Amino acid sequence: MRVVVGSRNPLKVEGVKQAFELYFDDVTVESRSVDSGVESQPFNNRTIEGAINRALNSYSEEFDFAVGVEAGLFSFKNTITGFIDFQVSAVYDGSRVSIGFGPGFEYPPFVVEEVLKGREVGDVMDELTGIKNLGEKTGAIYFLTKGKISRVDLTRISVINALIPWINREYYFKSFKSEL
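So for the sequence shown, my numbering puts the first residue at 15; every next one is plus one.
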């Protein structure tokens, strides 16, 4: 099984690798730097578009699947900040795309305030933690959960969720008639 990830971020690549290894044998994962086609700090549906674009832009016929992973803020009422961060994954086989989300969480209010002023979450979190390129080392979630959840975990879960149609092809890609 050959998989390409539309990102050079080592945490994303590792999360993709771990997810595919749960379901497929002899997995090799490569990474490519590709354009997401969206803002560096996407919101709402632009996050999903970024994940899809990363998958499409990294795909070539030498691979069985291409995966795009994009994190972004989604608007939600009844939250502390009005936004939840989700990691979104898109899995593409050359003809079909499936989407999966990882667990969502809120950033501290001052982080969201800075992002709404035009800054990227990663830059604000780098300043907060004093760790340069936190998003490529452990991820903000690792800092915020005090070391209990990493960005690899979020990526792995979002990719597993995107793989659901591929590991259950009989329900998603063939004619399925309910007996109900």
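C-beta atoms are modelled at their ideal positions from N, C-alpha and C, and glycine is treated no differently. Quick caveat: nothing in here was measured; it's all calculated off a predicted structure.
Distance cut-off 7 Å: residue i Cβ against heavy atoms of the ligand NAP
i, result
"L168", "Judged by which ligands are present, the structure shown has none, so any question about the ligand NAP falls away."
Close-in-space but distant-in-sequence residues of the same chain around residue i (CB under 8 Å, 5 per side omitted)
i, result
"T42", "M15, R16, V17"
"K151", "L25, I145"
"T89", "Sequence inspection shows Ser at residue 89; the Thr mentioned does not correspond to that position. Around S89: F57, N58, G96, F97."
Residue range of the unbroken beta strand (DSSP E) whose run includes residue i
i, result
"R16", "16-19"
"T169", "Looking at the DSSP string, T169 is not in any beta strand (DSSP E); the run it does join, the alpha helix (DSSP H), is 165-181."
"D40", "Neither: D40 is in no beta strand (DSSP E) and is coded neither H nor E."
"G116", "Taken as a continuous stretch (DSSP letters only), G116 belongs to no beta strand (DSSP E), as it is neither H nor E."
Cβ neighbour criterion (16 or more within 10 Å) applied to residue i
i, result
"P56", "buried"
"S50", "buried"
"S164", "buried"
"D39", "exposed"
"G116", "buried"
"S45", "buried"
"F124", "exposed"
"E128", "buried"
"E84", "buried"
"G161", "exposed"
Cβ shell of residue i (< 6 Å), same chain only, five flanking positions each side left out
i, result
"D140", "K146, L148"
Where the alpha helix (DSSP H) through residue i begins and ends
i, result
"I197", "For residue 197 there is no data in the structure shown, the boundaries of the chain being 15 and 194."
"F124", "123-130"
"V138", "135-143"
Sequence-distant residues of its chain with Cβ nearer than 7 Å to residue i (five each side left out)
i, result
"R60", "V52, E53, G86"
Decide yes or no for the touch test of the stretch 49-69 against the stretch 98-113: beta carbon pairs closer than 8 Å, at least 3 of them.
Look at the beta carbons and you see the stretch 49-69 touching the stretch 98-113: at least three pairs across the two are nearer than 8 Å.
Determine contact between the stretch 169-183 and the stretch 28-38, defined as no fewer than three beta-carbon pairs at a distance below 8 Å.
Enough Cβ pairs lie closer than 8 Å, so yes.
Would you call the stretch 67-83 and the stretch 133-150 in contact, with 3 or more CB pairs under 8 Å?
Touching, no.
With a floor of 3 residues, list each beta strand (DSSP E) that falls wholly inside the stretch 50-103, ordered by position along the chain.
Counting whole runs of 3 or more residues, the stretch 50-103 contains the beta strand (DSSP E) stretches 79-89.
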